[in-house]
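S.K.: Below: one structure in structure tokens.
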Amino acid sequence: MTRRVIIDTDPGLDDAVAILFALNCPQFEVIGLTTVAGNIGLERTTTNAGGLLAAVGRSDIPVFSGAAMAMARDNIDAIVIHGDDGLRGVTLPPPMVAARAGAVDWLAETLMAAPSGSIDILALGPLTNIAHLISHHPAAAGRIGHLVAMGGTIFEPGNAGPGSEFNFASDPEAVATVLHSDIRTTIVPLDVTRRVRADRDYVEALRGGPAGTIAADLLTGYLQDDRQSRPLHDPCVMLLAAEPALFALEVHRLTVNLGDDADAGALTESANGSPVVVAMRVDVAGALALLASAFD
Ligand SMILES: [Ca+2]
């Protein structure tokens, strides 16, 4: 069955590959992209989102720009990984259609206009937009069918702080807002995303159609510095939404570190934490095969 989805994103190399997969995956009808500052500033993530849609002839899908700043702290960014354009220098065409401002208001209007529970949100960046939606439009937020978010780590070392993951460290207050909400949420942490890795042979095999070639070019940028393989963090969100049986899901009771220390945004298991579904293991071969299948 096709699910209507909105992708909330900060592209970003692995975001871009995740979006291309979703556009090619028959399980999804992508009804819009909302952008957030994260991997790089908001202006660039918004341009990248529109450019990606233009590159694959899908400028019928609207782009709405959202939060330029985290809820309560300064932005961090990931230029070292993603390059200063967020895409490691892969050139996309300019957007065919200008993005509009007001992602959070558009999310609210769209959710209110659709049957309750009929739209899922696939969140690939800091959760700032979703948290603003919950805070300012709680009735609309309550109509989200399923929120699947890449972020956090349970047992793996962090990639922002010793125990904190980049998306969640970028806006810990937003994570807390989501965890405290009643939205049906599944978190896809580093424990899973670090297992699903692309190496050069895998990337080259994606080439063929236009979307596969763009995905391969993007991932080639991600593999530079002679790395053997790189994790496909954000695509795991799409893979879980498309084929949950590939993942082992567990309910964990989690709190998020709201301090100012190096581990801000880290998750901790706690008896009085919020229960949330977490993907803890993945069928790696199945996940990589499903991702590649969309680019055949
Ligand atoms: Ca991302």
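Our numbering puts the first residue of the sequence shown at 153, with every later residue one more than the last. Virtual Cβ for every residue (Gly too), placed ideally from N, Cα, C.
From the DSSP output, in three-state form, read off S287 for me.
M.R.: DSSP places S287 in helix when its eight states are reduced to three.
S.K.: Can you say whether G411 is buried or exposed, counting buried as having 16 or more other CB atoms within 10 angstroms of its CB?
M.R.: With fewer than 16 other Cβ atoms within 10 Å, it is exposed.
S.K.: Within its chain, find whatever has a CB closer than 8 Å to the CB of V208; leave out the 5 residues flanking it on each side and keep chain order.
M.R.: Excluding residues within five positions, the ones whose Cβ falls inside 8 Å are L172, L175, P362, A363 and I366.
S.K.: Based on Cα-Cα distance, which residue from L204, V215, A431 and T187 lies nearest to L342?
M.R.: Looking at the Cα atoms, A431 is the closest of the given residues.
S.K.: Just list the beta strand (DSSP E) runs in the stretch 187-238, keeping only unbroken ones of 3 residues or longer that don't cross its boundaries, in chain order.
M.R.: Segments of the beta strand (DSSP E) lying fully in the stretch 187-238: 215-217.
S.K.: Contact check, D323 vs P278 under 8 Å by CB: the rounded distance?
M.R.: About 4 Å; that satisfies the 8 Å criterion.
S.K.: With the cut-off set at 9 Å, would you say V327 and F320 are in Cβ contact?
M.R.: Contact flag set, yes.
S.K.: Using DSSP with H/G/I as helix, E/B as strand and the rest coil, what is P427?
M.R.: In this structure, P427 counts as strand in the three-state DSSP scheme.
S.K.: Going by DSSP in three states, E308 sits in which element: helix, strand or coil?
M.R.: Residue state, collapsed to three classes: coil.
S.K.: Kindly indicate which three-state DSSP category L419 falls into: helix, strand or coil?
M.R.: L419 falls in the strand class under three-state DSSP.
S.K.: Cβ atoms of T305 and L419: under 9 Å apart, would you say?
M.R.: Contact: yes.
S.K.: Just to check, is the beta-carbon of L276 closer than 8 Å to a non-hydrogen atom of ligand 1?
M.R.: Because some heavy atom of ligand 1 lies under 8 Å away, the Cβ of L276 counts as near it: yes.
S.K.: Under 8 Å by Cβ, that's how I've got L274 and I192 pegged, so tell me the actual separation to the nearest angstrom.
M.R.: In fact, because the Cβ distance is near 19 Å, the residues do not count as touching under 8 Å.
S.K.: When you compare the CB positions of D435 and L392, do they come within less than 9 Å of one another, or not?
M.R.: Cβ atoms of D435 and L392: not closer than 9 Å.
S.K.: One question on the structure: do I339 and A312 come within less than 9 Å of each other, judged by their Cβ atoms?
M.R.: Cβ distance not < 9 Å, so I339 and A312 don't count as in contact.
S.K.: Compare the Cα-Cα distances from A112 to each of Y354, A423, G254 and S333 and report the closest residue.
M.R.: For residue 112 there is no data in the structure shown, the boundaries of the chain being 153 and 448.
S.K.: How would you write the range of the alpha helix (DSSP H) that S381 sits in, first residue to last?
M.R.: Where S381 is concerned, there is no enclosing alpha helix (DSSP H), although the beta strand (DSSP E) it sits in stretches over S381 to P383.
S.K.: State yes or no: is the C-beta of R156 within less than 9 Å of the C-beta of F180?
M.R.: Taking 9 Å as the Cβ cut-off, R156 and F180 qualify as a contacting pair.
S.K.: Would you tell me roughly how many angstroms separate the C-alpha atoms of P267 and T197, rounded to the nearest one?
M.R.: Cα to Cα, P267 sits roughly 30 Å from T197.
S.K.: Ligand 1 and T161: does any heavy atom of the ligand fall closer than 8 Å to the residue's C-beta?
M.R.: Indeed, a heavy atom of ligand 1 lies less than 8 Å from the Cβ.
S.K.: I'd like the list of long-range same chain contacts for A168, defined as Cβ closer than 6 Å, with 5 residues on each side in sequence excluded.
M.R.: Counting only Cβ-Cβ distances below 6 Å, and skipping sequence neighbours, we find L204 and L370.
S.K.: Could you tell me which residues DSSP pairs with F180 in its beta bridges?
M.R.: Paired residues: R155.
S.K.: Check whether the Cβ of M390 sits closer than 8 Å to any heavy atom of ligand 1, and report yes or no.
M.R.: Result no, Cβ not under 8 Å from ligand 1.
S.K.: Which word fits N424, buried or exposed, when buried means at least 16 other C-beta atoms lie within 10 angstroms of its C-beta?
M.R.: That one is exposed.
S.K.: Nearest to A224 by alpha carbon, out of A350, T329 and E325?
M.R.: The option with the nearest alpha carbon to A224 is E325.
S.K.: Note down the Cα distance separating V249 from M264, rounded to an integer number of angstroms.
M.R.: Going from the Cα of V249 to the Cα of M264 covers about 25 Å.
S.K.: Return the CA-CA distance between G438 and H289, expressed in angstroms with no decimal places.
M.R.: Computed Cα separation, rounded: 38 Å.
S.K.: Taking only runs of the alpha helix (DSSP H) that begin and end inside the stretch 236-284, which ones reach a length of at least 4 residues, in chain order?
M.R.: As far as the stretch 236-284 is concerned, its whole alpha helix (DSSP H) runs of at least 4 residues are 255-265.
S.K.: Could you check what DSSP says for A400 in three-state terms: helix, strand or coil?
M.R.: It is a strand residue.
S.K.: Could you tell me which of P163, L401, E421 and R349 sits nearest to R379, measuring between CA atoms?
M.R.: Per the Cα distances, R349.
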